[in-house]
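> Right, I'll just put the structure down here and ask away after.
There are 4 protein chains.
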Amino acid sequence: MRLTADARGVYPIAPTPFFDDGAIDTASIDRMTDFYLSIGATGVTILGQLGEAPKLDHAESVAIAAQVIRRAPQLPVVVGVSAPGFAPMRALTREVMDAGAAGVMIAPPNTLRTDEQIVNYYKQAAESIGTDVPFVLQDYPLTFSVLMTPGVIRRIVTEIPSCVMLKHEDWPGLEKISTLRGYERDGSMRRIAILCGNGGLFLDFEVERGADGANTGYCFPDMLCDVVRLNAEGKRDEAHDLFDAHLPLLRYEQQPGVGLAVRKYVLMKRGILTSAAQRKPVAAMSKAAQAEVDYLLKRLAKRDQRAKFAA
Amino acid sequence: MRLTADARGVYPIAPTPFFDDGAIDTASIDRMTDFYLSIGATGVTILGQLGEAPKLDHAESVAIAAQVIRRAPQLPVVVGVSAPGFAPMRALTREVMDAGAAGVMIAPPNTLRTDEQIVNYYKQAAESIGTDVPFVLQDYPLTFSVLMTPGVIRRIVTEIPSCVMLKHEDWPGLEKISTLRGYERDGSMRRIAILCGNGGLFLDFEVERGADGANTGYCFPDMLCDVVRLNAEGKRDEAHDLFDAHLPLLRYEQQPGVGLAVRKYVLMKRGILTSAAQRKPVAAMSKAAQAEVDYLLKRLAKRDQRAKFAA
Amino acid sequence: MRLTADARGVYPIAPTPFFDDGAIDTASIDRMTDFYLSIGATGVTILGQLGEAPKLDHAESVAIAAQVIRRAPQLPVVVGVSAPGFAPMRALTREVMDAGAAGVMIAPPNTLRTDEQIVNYYKQAAESIGTDVPFVLQDYPLTFSVLMTPGVIRRIVTEIPSCVMLKHEDWPGLEKISTLRGYERDGSMRRIAILCGNGGLFLDFEVERGADGANTGYCFPDMLCDVVRLNAEGKRDEAHDLFDAHLPLLRYEQQPGVGLAVRKYVLMKRGILTSAAQRKPVAAMSKAAQAEVDYLLKRLAKRDQRAKFAA
Amino acid sequence: MRLTADARGVYPIAPTPFFDDGAIDTASIDRMTDFYLSIGATGVTILGQLGEAPKLDHAESVAIAAQVIRRAPQLPVVVGVSAPGFAPMRALTREVMDAGAAGVMIAPPNTLRTDEQIVNYYKQAAESIGTDVPFVLQDYPLTFSVLMTPGVIRRIVTEIPSCVMLKHEDWPGLEKISTLRGYERDGSMRRIAILCGNGGLFLDFEVERGADGANTGYCFPDMLCDVVRLNAEGKRDEAHDLFDAHLPLLRYEQQPGVGLAVRKYVLMKRGILTSAAQRKPVAAMSKAAQAEVDYLLKRLAKRDQRAKFAA
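Laid out in structure tokens, this is it:
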């Protein structure tokens, strides 16, 4: 099963579960994978920025990928392989593709500046990993400091056939989706899947602008699935009602640094992760922050049954 | 009336009203100033980043400041004087202080990197404008790319007596407020006013962490005033209820680039500005974006009477 | 006299002479202007990055420009007008052009990233100052963090007729000159003047690659004039011999921060400036650095008579 | 043999020799190692920024380190282990230390901004690799965009005992050396080795300011050895004469991007490398650049016998 430009729905960005001592928690990996299947996720992305990938060594990364792939053979699994050099990127790609991954995700190194540099980087990366490996283009200027105009994305899509999906997380980004979909309509760019990240902060409008779904790690991925579905069903107000109920917490989780701690904390409270632990170095959550999240969950419980554990 | 560390409440960041042809709309300046007075604003900040200050020449800047000061003599008026050199910064400061401004606001140039560079910059700036002029330290890494740790802010506050207020808009920033208030409690830093910017995205929790209020330009500054007041009265749930009702629109407006267009558009719809025009170069709002804002306003109207014009 | 694409030779980047108390030293301005004329400079650029322009207020800037223009009516005078906003940029441009300037120089704000942003910025700037005003495009990534590919420069030159000169100071930059000259040969770009900055560090090869001369502030601009002349006369070895004799000092002066202090110190020793003073804030030269410059001058004196004052 | 703060002399930064097809050229590794021994190098650094480390996979990196260590058992070998995560950094460190490396070199990730972030990063890195592993602190703002003040370096040295050497390549950097040596004299910092990089562009004065030698990859490392020796012998003019003879070529090689191609080209011409090839992606040298290097070598041959092959 290979990732294609027809991907849609929700590909949660999976955190990597650890025990408090830093060991990988394989039982939680299975539980989390099962959870994604149960909520109607159409794929899953692992070892991304918020999967603490840089804290894993090569063997661990491969083992986690293999476990998720085995556990959910019906689910396309995308693996983050971003690396400072093409040699380790290729090495990891080869191993996870052999293990059954559907494709890989590549973020740009934050030293890229000009349009030319960006396009060339992805050409070289695609050649390095093998032009038969489908890849996801990650467009996240807030974190990577690399600005890709719609024109640059069009060049990448046009010049590199193995680019099949955009992880859209530019900010602001609504017009970008409209522009890219316009390129497709006017025939100047082939269609690609556009799934949205950036914590989901604009998912309500992104799907209305033409995005195919979500590719982010909010602690209620089931809400993301519902919003994508409600939008597809034309139930605009219902989609916004649900989204707005989650927005105070979603906004809180979207904070860089502390966000992953919030995400793991809630997933632990939901019974999916055994521990909220991160591997060192850790951006921990203060007691005040924990109380704020508890308060937000309690408020959410009034509007979404799935948060009733916090009521 | 000079700005002091006792400032609190809401200092809206005022946009600069223009006619469609780019001329300054003085009638709207008066109307906007009156509006701020009517909602209980405790001050106002003009010629900031979102006041299109770089599009104004020196004489225009001085004239706008003078008009607002005359119109609201009971309101402390803070004037943005950030500039690439100390000579124009001093020139503008002197003129607006002579005209009756309460103080000035200084953002860091985006070339500052080390703690030492940041502290020295503010020492030099304070000396340049005159150590008798109270100033607001603007801490907005997302826009200015300058990271100030709490320790650096403490050094600035300690070494420069004329620094009386922090425009807090670091992101994430809740722990920063707690840390700074902790410095005050443990006696290692004198008390300063902390008013929060960043579009108000975390105002609900910022006031709970010890901030004195808001210093931002959301198109419903009256909501900001209410949230600050409700928090002061201990009405936590009510404060959050009101804040959450606005959060979908507030989040939309907080987008860089398009945010100012949204703000001016809503202020025009509210009857405060004659036109939503910006001076060139303009980051315009698409039709799709306008329809999205209209939809958000309509939804807001169900929960806040002040948006009923959009129902 | 307007600046055109036929400019060539050496346009020294003039420092701004101050007395020790920070007052402008007008006698030194005249002496420096006379000196530039006497050595065969074909133009002069004032109020640039190293002219301490941000430390001057508007009136001072205009006065300095007017003085140089009056003193050397036969010399095209280019004035740096870079500013964070188009309003002050236009205001200064209008005044200095009225006073007889030949053109202006515009550096990019360091927030520009994509090709699109860069081209649009220059279009807006050209429109703001008036499309009849010839301008110099400053390409200095090391200082401004803006990367312009040859393709972007071609777009600017093609889309903006009033761009007549490139101040080339990319690093590395030799291939860029070759590429741009190639564009001219293949007819895809009209010819522009290319004068080289970056302290002159590669002037020996830049003129061989097709640059028209130098536009930098090395403390021996007479050497720059000679190197450009010797190259034009086909005396390659002599050009390099002279250049190499100066390279140890030139390299020392090219250091950011301390470089301006070195430049003013040597110009003072050469009798051109009364004082080496800078306006505050100052990047001063230590005693050790001064001794090093003295040593370099002494060594230079053995190979170039013009440094014999240091022997 | 462990690296200590007593290191001095010249640790060349070794390139990684490849054949034209990208395979590692082990014969050239031996020849290069022997060459370093023959010229009096006191150590060697491998797998650094210009050693094309990101193009090597883990096994290749370990094999190269092991080969150099075996070939020169009397020479301390420092291995670059910079990585985006601590897991791969630790993995490589452990293997090369087991193989007999003397220590490792760690560059800062370019996302670090505040003093606090920098110090914390090195604390975490030192803990990750093991506090018994001596490491070299690489201070190269031009490439890594991380600014370390002397005060930050003092904190790192003071708080992390395993930091034994500074690879000094700040620019400008002479005052920094003086400041750090001043800290040692006033007792506020323990002594560390300071070896200078940045292509050697200021080595002539750096050793006079108190640096212990060079840690860079100029294609005539024998010249670096001589300059360090002549300075130690008090032969100032001779040191500068030799340095100045090389400066035109050294400056040419110090250009980012093209520099490595120049270095490998000259080392090939000197008979040390079989090929000047780099692994993809390659920053190639144009024909014009090659002719310029040939010309510089020819000129150098008149002043240094070691370049006579080019005469």
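Chains as they are written, first to last, in the numbering used here: chain A, 1 to 311; chain B, 312 to 622; chain C, 623 to 933; chain D, 934 to 1244.
C-beta atoms are modelled at their ideal positions from N, C-alpha and C, and glycine is treated no differently.
#1: So which residues on chain B does V289/A lean against when the C-beta distance must stay under 8 angstroms?
#2: Secondary structure at G839/C, three-state DSSP: helix, strand or coil?
#3: Using the DSSP secondary-structure output, state which residues sit across from D139/A in a beta bridge.
#4: Skipping 5 residues on each side, what residues in its chain have a beta carbon closer than 8 angstroms to that of Y970/C?
#5: Hey, I1039/D and L1070/D: beta-carbon distance below 8 angstroms or not?
#6: Give the interface partners of K1213/D over in chain A, defined as CB-CB distance under 9 angstroms, in chain order.
#7: R769/C versus chain A: which residues are under 7 angstroms apart at the beta carbon?
#8: Pull up the distance between the alpha-carbon of Y1198/D and that of V1215/D, whole angstroms please.
#9: For a contact meaning CB atoms closer than 7 angstroms, what does D990/D contact in chain A?
#10: Cα separation between A504/B and G524/B?
#11: Who are the neighbours of P987/D on chain A, taking C-beta pairs under 9 angstroms?
#12: Run down chain B in chain order and give the residues with a C-beta less than 7 angstroms from the C-beta of L195/A.
#13: Would you check if the segment 700–711 of chain C and the segment 637–651 of chain C touch, i.e. whether three or more CB-CB distances between them fall below 8 angstroms?
#14: Can you tell me where the beta strand (DSSP E) with D193/A in it begins and where it stops?
#15: Would you call the segment 250–261 of chain A in contact with the segment 269–288 of chain A, where contact means no fewer than 3 C-beta pairs closer than 8 angstroms?
#16: Compile a chain-ordered list of the residues in the segment 1168–1183 of chain D whose CB is closer than 7 angstroms to at least one CB of chain C.
#17: Which runs of the beta strand (DSSP E), 3 residues or longer, sit entirely within the segment 703–789 of chain C?
#18: Would you give the residue range spanned by the alpha helix (DSSP H) that T959/D belongs to?
#19: Evaluate contact between the segment 1059–1070 of chain D and the segment 1089–1100 of chain D, counting only Cβ atoms and requiring at least three cross-stretch pairs below 8 angstroms.
#20: How many whole angstroms separate the CB atoms of D115/A and D826/C, which I take to be in contact at a CB cut-off of 8 angstroms?
#21: Tell me which residue opens and which closes the beta strand (DSSP E) that V1215/D is part of.
#22: Since V539/B sits in a beta bridge, which residues does DSSP pair it with?
#23: Just to confirm, are R155/A and V119/A a CB contact at a threshold of 8 angstroms?
#24: So if I threshold CB-CB distances at 8 angstroms, which residues from the segment 489–504 of chain B count as touching chain A?
#25: Once the 5 residues before and after Y529/B are set aside, which same chain residues still bring their CB inside 7 angstroms of it?
#26: Between P108/A and Y121/A, how many whole angstroms is the CB-CB distance? I'm expecting something under 8 angstroms.
#27: Going by the beta-carbon positions, is the gap between L491/B and P461/B smaller than 8 angstroms?
#28: Do you know whose CA, among L1206/D, E1225/D, L1229/D, T937/D, lies nearest F1068/D's CA?
#29: Could you tell me whether any Cβ in chain B is nearer than 8 angstroms to the Cβ of N837/C?
#30: Give the residues of chain D in contact with Q877/C, contact being defined as C-beta atoms less than 8 angstroms apart.
#31: Helix or strand or just coil, what does DSSP make of G832/C?
#32: Can you tell me the Cα-Cα spacing of Y1228/D and L869/C, whole angstroms?
#33: For the beta strand (DSSP E) containing T978/D, list its first residue and its last residue.
#34: Check for me: the alpha helix (DSSP H) holding T179/A runs from which residue to which?
#35: Tell me, to the nearest whole angstrom, how far the beta carbon of T344/B is from that of V321/B; I am working on the premise that it is less than 8 angstroms.
#36: So with Cβ pairs under 8 angstroms, would you call N110/A a contact of chain D?
The answer reads as follows:
#1: Note that residue 289/A is Ala in the sequence shown, not Val. Chain B residues near A289/A: L485, E486.
#2: coil
#3: H168/A
#4: Residue coverage of chain C in this structure runs from 623 to 933, which leaves residue 970/C outside it and unanswerable.
#5: Taking 8 angstroms as the cut-off, the beta carbon of I1039/D is found closer than this to the beta carbon of L1070/D.
#6: F86, Q124, E127, S128
#7: It is Leu, not Arg, that sits at residue 769/C in the sequence shown. Within 7 angstroms Cβ-Cβ: R113, T114.
#8: 13 angstroms
#9: A87, P88, A91
#10: 9 angstroms
#11: Annotation: Cβ neighbours of P987/D in chain A (cutoff 9 angstroms, chain order): A83, P84, G85, F86, A87, P88.
#12: Within chain B, no residue comes near L195/A; the closest Cβ sits about 20 angstroms away, beyond 7 angstroms.
#13: no
#14: Going by the sequence as given, residue 193/A is Ala instead of Asp. First-last of the beta strand (DSSP E) with A193/A: 193–196.
#15: yes
#16: H1173, D1177, L1180, P1181
#17: 725–728, 757–761
#18: Where T959/D is concerned, the enclosing alpha helix (DSSP H) stretches over 959–971.
#19: yes
#20: About 32 angstroms separates the two Cβ atoms, so there is no contact after all.
#21: For V1215/D, no beta strand (DSSP E) segment is defined, and its DSSP state is neither H nor E.
#22: V539/B is not bridged to any residue.
#23: yes
#24: S489
#25: G510, G511, L535, L561, E564
#26: Beta-carbon to beta-carbon, P108/A and Y121/A are separated by about 6 angstroms, close enough to satisfy the 8 angstroms threshold.
#27: yes
#28: Among L1206/D, E1225/D, L1229/D, T937/D, the Cα nearest to that of F1068/D belongs to T937/D.
#29: no
#30: The contacting residues are W1104, P1105.
#31: Coil.
#32: Taking the CA atoms as reference points, Y1228/D sits about 17 angstroms from L869/C.
#33: 977–979
#34: 174–185
#35: That belief does not hold up - the Cβ atoms of T344/B and V321/B are roughly 14 angstroms apart, past 8 angstroms.
#36: So yes, N110/A belongs to the interface.
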